[in-house]
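Oh and the sequence shown: position 39 is 40 in my numbering, straight run, nothing missing.
Worksheet for the structure shown next.
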Amino acid sequence: MSPRHSAAEARRTRERIIERSVDLASIEGLEGLTIGRLALDLGISKSGLLGHFGTKEALQLAALGRAAAIFSQEVWRPAADATPGLPRLLAVCDAWISYLEREVFPGGCLFVSSTFEYDGRSGPVRVLLQRQFHAWEHRLTAEVRRAVAAGDLPPDTDAAQLVFELYGVMMSLNHTIQLHGAGRSPARAKAAVARLLTTTSGSGRPTSTPGSPS
2 MSPRHSAAEA RRTRERIIER SVDLASIEGL EGLTIGRLAL DLGISKSGLL GHFGTKEALQ
62 LAALGRAAAI FSQEVWRPAA DATPGLPRLL AVCDAWISYL EREVFPGGCL FVSSTFEYDG
122 RSGPVRVLLQ RQFHAWEHRL TAEVRRAVAA GDLPPDTDAA QLVFELYGVM MSLNHTIQLH
182 GAGRSPARAK AAVARLLTTT SGSGRPTSTP GSPS
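If you want it as structure tokens, here you go:
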């Protein structure tokens with residue numbers, strides 16, 4: 002086998018490992034990413050798998066990196082061309098709900114489950130999770146502020162509070178789908194988003210009003 006073919010095969014094997022790791026981690030947690038389990042699932046040797054990542058922690062970090070790329074593709078990309086501000090926020094939330102409803106990750110949102118796994122720990126995995134969450138919060142907060150500047154949300158809207166509440170809706174939806182199935186939960190999540198993102202008089206944030214995005 003030529004060096005070029007050997008390198009291409011190594012990349013394909015690495016991709017297979019990461020893809021399986023993301024799926025497995027969403028079901029069994031990042032701690033479920035054991036070298037033995039993955040080697041058995043993929044039909045490769047433990048030493049061959051270790052040759053690609055070296056340590057379990059490196060594999061966990063690679064899985065989170067891939068999960069972030071999938072999340073961006075599923076949630077941000079469909080909304081990226083929407084008008085900045087409130088239209089984009091609504092499009093992002095629609096895509097976010099769809100991503101959870103379609104169970105893009107077989108065990109639900111990997112970031113939600115990983116946060117519960119690592120919220121009391123320290124180390125590189127927790128640091129990466131914090132960085133990923135902060136990046137997403139920053140992106141959402143920026144859109145809230147654009148909506149305020151455009152007059153689509155009240156001038157005294159608390160952007161951080163609004164983003165916090167949107168997170169709460171999505172985490173609740175994830176848990177409900179994983180425990181009970183989708184049912185009416187996606188529709189309830191859309192109604193909650195509509196109330197949060199409805200323009201109202203100054204109360205520090207948008208207040209609850211009936212309705213749901215179309």
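Each residue gets a CB set at the ideal place from its N, CA and C atoms; glycine is no exception.
Keep in mind the model is a prediction, meaning the values are calculated, not measured.
Helix, strand or coil at alanine 83 [DSSP, three-state]: coil
Touch test, the segment 57 to 74 against the segment 17 to 30, Cβ-Cβ under 8 Å, three pairs minimum: yes
Sequence-distant residues of the same chain with beta carbon closer than 6 Å to valine 105, five excluded per side: Glu75
Contacts around glycine 80, its chain only, beta-carbon distance under 6 Å, and the 5 residues preceding and following it disregarded: Per the sequence shown, residue 80 should be read as alanine rather than glycine. Excluding residues within five positions, the ones whose Cβ falls inside 6 Å are Arg89, Ala92, Val93 and Ala96.
Outcome for valine 128 when other beta-carbon atoms lying within 10 angstroms are tallied against a minimum of 16: exposed
Beta-carbon proximity of alanine 148 to leucine 198, cut-off 9 Å: yes
Cβ neighbour criterion (16 or more within 10 Å) applied to threonine 56: exposed
Identity of the residue in Arg13, Phe72, Glu58 and Leu43 nearest serine 123 by Cα: Glu58
Glutamate 32 burial status per 10 Å Cβ neighbour count (16 or more: buried): exposed
Assigned secondary structure, glycine 55 (DSSP; H/G/I helix, E/B strand, else coil): coil
Segment contact, 8 Å Cβ cut-off, at least three pairs: the segment 130 to 145 with the segment 179 to 194: no
Contact check, leucine 141 vs leucine 167, beta carbons under 9 Å: yes
7 Å Cβ shell around threonine 177 - same chain, five flanking residues per side excluded: Ser186
Distance between phenylalanine 112 and glycine 121 (C-alpha atoms, nearest Å): 15 Å
Contact under 9 Å by Cβ, leucine 248 with alanine 190: No answer is possible for residue 248: the residues shown for the chain start at 2 and end at 215.
Under 9 Å between C-beta atoms of alanine 188 and leucine 87: no
Neighbourhood of arginine 146 by C-beta, 8 Å cutoff - its chain only, sequence neighbours within 5 removed: Ala160
Environment of aspartate 157 [buried if 16+ CB atoms lie within 10 Å]: exposed
Outcome for aspartate 153 when other beta-carbon atoms lying within 10 angstroms are tallied against a minimum of 16: buried
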